[in-house]
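Asks: Following this message is one structure expressed as structure tokens.
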Amino acid sequence: MPDRATAPETPHPHDTRIRSYVHQRVRLSEGQQSAWDRLWSTWGSEVDDVVASGVWDPAATFGRTAPLVLEIGSGMGETTASLATAEPGIDHVAVEVFEPGLAQLLMRIEQGGLSNQRLLRGDAVELLTRVVPPASLDGLRIFFPDPWPKRRHHKRRLIQPEFAALAASRLRPGGLLHLATDWPHYAEQMRRVVSAEPSLRPDDRFPLRPDGWQDRPSWRPVTKFEDRARLEGRPVRDLLYVADHAPGTGDTRRVTDYGREHPRPGSPPE
180 MPDRATAPET
190 PHPHDTRIRS
200 YVHQRVRLSE
210 GQQSAWDRLW
220 STWGSEVDDV
230 VASGVWDPAA
240 TFGRTAPLVL
250 EIGSGMGETT
260 ASLATAEPGI
270 DHVAVEVFEP
280 GLAQLLMRIE
290 QGGLSNQRLL
300 RGDAVELLTR
310 VVPPASLDGL
320 RIFFPDPWPK
330 RRHHKRRLIQ
340 PEFAALAASR
350 LRPGGLLHLA
360 TDWPHYAEQM
370 RRVVSAEPSL
380 RPDDRFPLRP
390 DGWQDRPSWR
400 PVTKFEDRAR
410 LEGRPVRDLL
420 YVADHAPGTG
430 DTRRVTDYGR
440 EHPRPGSPPE
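Throughout, my numbering is defined as the position within the sequence shown, counted from one, plus 179.
Right, dumping it as structure tokens:
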């Protein structure tokens with residue numbers, strides 16, 4: 180998420196969950212507004228609308244059944260569009276709250292003629308909690324989430340134990356959780372969290388180095404944001420973990436839902 184995302188929507192009055200983003204509206208450029216007006220109704224939807232409908236049906240959205248990857252915080256869409264272009268056999272859903280970033284990604288979709296990319300505006304945690312079925316995602320990507328560097332704000336960071344359990348539950352067995360950050364303290368927190376989640380294990384295609392980190396996969400594009408981080412002396416860390424849970428056991432674990440615990444729904448039949 181090269182440009183730190185901000186949310187356009189107002190939380191539900193009974194939602195006590197601490198969110199990993201803040202409310203802030205940003206004006207679109209003329210080109211972004213044009214793209215939004217022309218393309219949003221075709222390629223984009225609101226998380227609130229999907230949640231209200233109670234239906235998450237990517238096969239209907241894309242018009243096919245294919246492996247599905249969800250990206251949380253697509254920023255300006257540079258990496259998202261590049262990966263969708265490189266993986267035409269995979270369907271990609273980007274969840275973002277930063278309207279200029281979504282508009283920029285719409286422009287990339289149009290320029291690249293991408294049919295395997297869709298956009299959702301809103302809270303990805305609500306989407307995962309409310310409507311994404313257990314064991315339904317082939318991949319979940321979170322690149323450069325807001326690090327919330329001040330200690331008093333660390334509770335706002337997205338990658339927490341409750342979220343790791345939720346993410347693992349929504350991945351099919353063997354599905355990939357891929358995290359990346361340039362913020363050293365957050366990187367350490369991410370590693371502690373994912374390594375402590377019993378339903379996740381390191382992807383053996385990217386073995387842990389002696390320092391405990393994994394190498395960046397060659398297929399993850401290096402963005403201008405990442406180049407700047409390296410020039411400023413902030414090493415970029417990748418974590419690639421796969422879901423390691425048996426099908427049908429999702430109802431025996433628990434995940435956090437708006438700060439309250441609820442039993443996880445049973446996994447769909449294989």
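Glycine included, C-beta positions come from ideal geometry on N, C-alpha and C.
1. Distance check for Ala239 and Val373, CA to CA, integer angstroms please.
2. If we require 4 or more residues per run, which alpha helix (DSSP H) segments fall completely within the region 231-272?
3. Express the C-alpha separation of Ala366 and Val311 in angstroms, rounding to a whole number.
4. To which residues of the same chain is His357 closer than 6 angstroms at the C-beta, ignoring the five residues directly before and after it?
5. Out of Gly353, Leu207, Gly280, which one is the CA nearest neighbour of Leu248?
6. Kindly indicate the opening and closing residues of the alpha helix (DSSP H) around Arg287.
7. Report yes or no: do the region 376-395 and the region 406-421 share at least 3 C-beta pairs separated by less than 8 angstroms?
8. Near Ala260, which residues of its chain fall below 8 angstroms by C-beta distance, leaving aside the five closest residues on each side in sequence?
9. Is the Cβ-Cβ distance between Phe404 and Thr360 less than 7 angstroms?
10. Should Arg351 be labelled buried (16 or more other beta-carbon atoms within 10 Å of its own) or exposed?
11. Please classify His364 as buried or exposed, where buried requires at least 16 other C-beta atoms within 10 Å of its C-beta.
12. Touching or not, the region 214-225 and the region 299-315, by the rule of three or more beta carbon pairs under 8 angstroms?
13. Where Leu355 and Pro326 are concerned, what is the direct C-alpha to C-alpha distance, given to the nearest angstrom?
14. By DSSP's criteria, Phe322 is part of a beta bridge. Which residues make up the other side?
15. Consult DSSP for Gly354 and reduce its assignment to one of helix, strand or coil.
16. If we call anything under 7 angstroms between Cβ atoms a contact, is Ala263 one with Trp215?
17. Which ranges would you report for the beta strand (DSSP E) in the region 374-438 if only whole runs of at least 3 residues count?
18. Nearest CA to the CA of Phe385: which residue from Pro377, Ser378, Trp398, Pro414?
19. Can you tell me which of the three DSSP states His193 falls into?
20. So what does DSSP say about Leu337, is it helix, strand or coil?
21. For Ser232, does the count of other Cβ atoms within 10 angstroms reach 16, so buried, or fall short, so exposed?
22. For Ser220, report the span of its alpha helix (DSSP H) as first-last.
23. Using CA atoms only, rank isn't needed, just tell me which of Gly252, Glu209, Pro389 is closest to Arg336.
24. Measure the alpha-carbon distance for Gly412 versus Phe277 and round it to whole angstroms.
25. Rounded to the nearest angstrom, how far is the Cβ of Pro279 from that of Val205, given a contact under 8 angstroms?
26. Cα-Cα, which of Gln211, Arg370, Ala265 is closest to Pro400?
27. Going by the DSSP bridge assignment, what does Arg274 pair with across the sheet?
Replies: This is what the structure holds:
1. Counting from one through the sequence shown, the residue named residue 373 turns up at place 194. Counting from one through the sequence shown, the residue named residue 239 turns up at place 60. Approximately 32 angstroms between the Cα atoms of the pair.
2. Correct list: 237-241, 257-265.
3. Counted from its first residue, the sequence shown places residue 311 at position 132. Counted from its first residue, the sequence shown places residue 366 at position 187. The straight-line gap separating the alpha-carbon atoms of Val311 and Ala366 is approximately 27 angstroms.
4. Walking along the sequence shown from the start, residue 357 turns up at place 178. The residues are Arg320, Leu419.
5. Taking the sequence shown and counting its residues from 1, one reaches residue 248 at position 69. The residue asked about is misnamed: residue 248 is Val in this sequence, not Leu. Minimum Cα distance to Val248 is reached at Gly353.
6. Working through the sequence shown from its first residue, we reach residue 287 at position 108. Where Arg287 is concerned, the enclosing alpha helix (DSSP H) stretches over 278-291.
7. Counting Cβ pairs under 8 angstroms, three or more are found: they touch.
8. As a first step, residue 260 must be located in the sequence shown, where it is residue number 81. Leu284, Arg287, Ile288, Gly291, Leu293, Gln296, listed in sequence order.
9. For the purposes of this step, residue 404 is taken as residue 225 along the sequence shown, with counting starting at 1. For the purposes of this step, residue 360 is taken as residue 181 along the sequence shown, with counting starting at 1. Cβ distance not < 7 angstroms, so Phe404 and Thr360 don't count as in contact.
10. Within the sequence shown, the letter at position 172 stands for residue 351. Taking every protein chain shown into account, the CB of Arg351 has 16 or more other CB atoms within 10 angstroms, so this residue is buried.
11. Here residue 364 is taken as the residue at index 185 of the sequence shown, counted from 1. So His364 ends up on the exposed side.
12. In short, these stretches touch, since the Cβ pair count reaches three.
13. Here residue 355 refers to the residue found at position 176 when the sequence shown is read from its first residue. Here residue 326 refers to the residue found at position 147 when the sequence shown is read from its first residue. For the pair Leu355 and Pro326, the Cα-to-Cα distance works out to about 22 angstroms.
14. Residue numbering aside, residue 322 sits at position 143 when the sequence shown is read from its first letter. In the DSSP output, where bridge partners are listed per residue, Phe322 has Ala359.
15. Here residue 354 is taken as the residue at index 175 of the sequence shown, counted from 1. Gly354 falls in the strand class under three-state DSSP.
16. As a working mapping, residue 263 is identified with position 84 in the sequence shown. As a working mapping, residue 215 is identified with position 36 in the sequence shown. At the C-beta level, Ala263 and Trp215 stay beyond 7 angstroms of one another.
17. Within the region 374-438, the runs of beta strand (DSSP E) that reach at least 3 residues and sit entirely inside it are, in chain order, 379-381, 416-422, 433-436.
18. Taking the sequence shown and counting its residues from 1, one reaches residue 385 at position 206. Measuring from the Cα of Phe385, the nearest candidate turns out to be Trp398.
19. Taking the first residue of the sequence shown as position 1, residue 193 is located at position 14. Since pLDDT at His193 reaches only 45, below the 50 mark, its modelled position is unreliable, and the value read off the structure follows with that caveat. Assignment of His193 by DSSP, reduced to helix, strand and coil, places it in the coil class.
20. Start at 1 with the first residue of the sequence shown, and residue 337 comes out as number 158. Assignment of Leu337 by DSSP, reduced to helix, strand and coil, places it in the coil class.
21. Taking the first residue of the sequence shown as position 1, residue 232 is located at position 53. Ser232 counts as exposed, since fewer than 16 other beta carbons sit within 10 angstroms of its beta carbon.
22. Here residue 220 refers to the residue found at position 41 when the sequence shown is read from its first residue. Residues 209-222.
23. Reading the sequence shown from its first residue, position 157 is the one you call residue 336. Scanning Gly252, Glu209, Pro389 for the CA closest to the CA of Arg336 turns up Gly252.
24. Looking up residue 412 in the sequence shown gives position 233. Looking up residue 277 in the sequence shown gives position 98. Approximately 27 angstroms, taken between the alpha carbons.
25. For the purposes of this step, residue 279 is taken as residue 100 along the sequence shown, with counting starting at 1. For the purposes of this step, residue 205 is taken as residue 26 along the sequence shown, with counting starting at 1. Distance from Pro279 to Val205 at the Cβ level is roughly 6 angstroms; contact confirmed, criterion being Cβ atoms closer than 8 angstroms.
26. Here residue 400 refers to the residue found at position 221 of the sequence shown. With distances taken between CA atoms, Pro400 lies nearest to Ala265 out of Gln211, Arg370, Ala265.
27. Taking the sequence shown and counting its residues from 1, the one referred to as residue 274 is at position 95. Note that residue 274 corresponds to Val in the displayed sequence, not to Arg. Answer is Ile251, Leu299.
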